[in-house]
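Okay, so here's the structure we're looking at.
In structure tokens, the structure reads:
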């Protein structure tokens, strides 16, 4: 019975990968055929007489003039190529990577998310100043349907880019954990509860590597926050020393250590303390602020599509993300194992879905 659950789980988990790969291959084949047709239409061959060309260039007499110190007019006409300009032109052949919230930005094109909870290391893009996101997942009580809200609630976040230069950036993030109040399931908490403030400083070491230090839900303005005081150190890397433009897929890895929701598994917790008022992962019970490891493996299929697998110390998640019109991003996936159950693989009757909608302006 367990093997059947695992097979079904793998089918659900990797079907988005298969779909996006098939779609990308189809688009690539279509583009290749179009390019080949255009080449055939535009290339015109003309036969040249080599002897005539040789006679023309050898028959012309070359006249040499001596360049003197006082020939200022001629001096001003001399141009020496700038080494920095050559380097810049060479760099233009390669991708440049930044970020917006959990999305990767490729050459200032807002791409898809490459994680859900795991914070990524790239510095923020200069293209968008604000990012608004709404994330959540269903709670999945016993004997409930997978594709139902089932008592879930959502978390709203606003990211504001405060400082940005060539190598680094500094952002502020503002959030609240309750976005709905009403008679429907999950509407018992008041809108705006769990108000908090955080930050992120990021530095791009080079074109492919980056580091970041930050915190989400760090300063809490009430005692209603249960989404974790997530302080973190993280690093992200795009694999490949020379990532040429339009070379896909791209592989991105992210690793780090963090607190709050990023350190929930008892077997990996370390350096626990009462700093900053605790972990803020439960409004009814106090938890120490502990540290734990996290990571994510992401595949960017093209500038609009990605799939990822992440371990955020709270759960194992597999998801996919779409970017639309250089502004909107939609992320969806499944939680396949959780820390409270020692990461036992979930069956269909236990799995939970998660999602996030983001808008950058």
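In our numbering, the protein residues as written are -12 to 348. Where a beta carbon is used, it is the ideal one built from N, C-alpha and C, also for glycine.
Mind checking which residues open and close the beta strand (DSSP E) that includes residue 187?
183 to 191
If you run the structure through DSSP and keep just helix, strand and coil, what is residue 129?
coil
What number of angstroms, rounded off, separates the C-alpha of residue 236 from the C-alpha of residue 82?
12 Å
Under the three-state reduction of DSSP, which class applies to residue 402: helix, strand or coil?
With the chain represented from -12 up to 348, any question about residue 402 goes unanswered, as that position is not in the structure.
Are the segment 325 to 340 and the segment 264 to 277 touching, with three or more C-beta to C-beta distances below 8 Å?
no
Which of helix, strand or coil does DSSP assign to residue 82?
The answer is coil: DSSP assigns residue 82 none of H, G, I, E or B.
Thinking just about the alpha-carbon of each residue, which of 101, 91, 94 is nearest to the one in residue 304?
101
Could you tell me whether the segment 309 to 320 touches the segment 331 to 346, using the rule of 3 or more Cβ pairs below 8 Å?
yes
According to DSSP, simplified to helix, strand and coil, what is residue 301?
coil
Could you check how far apart the C-beta atoms of residue 217 and residue 248 are, in whole angstroms? I think they sit under 8 Å.
6 Å
For residue 286, which residues does DSSP report across the bridge?
238, 294
Where residue 313 sits in the DSSP three-state scheme
Three-state result, residue 313: coil.
To the nearest angstrom, how far is the alpha carbon of residue 157 from that of residue 86?
12 Å
By DSSP, does residue 217 sit in helix, in strand, or in coil?
strand
Just list the residues that DSSP pairs residue 146 with in beta bridges.
118, 160
Top-ranked residue by Cα proximity to residue 252, from 277, 241, 233
Out of 277, 241, 233, 277 has the C-alpha closest to the C-alpha of residue 252.
Looking at residue 205 and residue 185, is the spacing between their C-beta atoms short of 7 Å?
yes
Extent of the continuous beta strand (DSSP E) run through residue 340
339 to 347
For residue 302 and residue 294, believed in contact at Cβ under 8 Å, the rounded distance:
Their Cβ separation, rounded to whole angstroms, is 17 Å, which puts residue 294 and residue 302 out of contact at 8 Å.
Cβ neighbours of residue 8 in the same chain (closer than 6 Å, five flanking residues each side left out):
Because residue 8 sits at a pLDDT of 48, beneath the cut-off of 50, its placement in the model cannot be relied upon, and the point is left open.
By the three-class DSSP mapping on this structure, what secondary structure does residue 223 have?
When DSSP states are grouped into helix, strand and coil, residue 223 belongs to the strand group.
With a CB to CB cut of under 7 Å and the five nearest residues on each side skipped, what residues in its chain are close to residue 330?
Only 303, 324 meet the Cβ criterion.
Identify whether residue 260 lies in helix, strand or coil by the three-state DSSP scheme.
strand
Mind checking who residue 96 pairs with in its DSSP beta bridge?
According to DSSP, residue 96 bridges with 93.
Check whether residue 281 and residue 243 have beta carbons under 7 Å apart
yes
For residue 245 versus residue 273, is the C-beta spacing smaller than 7 Å?
no
Between the CA atoms of residue 128 and residue 159 - distance to the nearest angstrom
Between residue 159 and residue 128, the C-alpha separation is close to 35 Å.
Looking only at C-alpha atoms, which of 335, 332, 256 sits nearest to residue 300?
256
How would you call residue 250, buried or exposed, if buried means at least 16 neighbouring beta carbons within 10 angstroms?
buried
Whole-Å CB distance - residue 348 paired with residue 117, under 8 Å assumed:
5 Å
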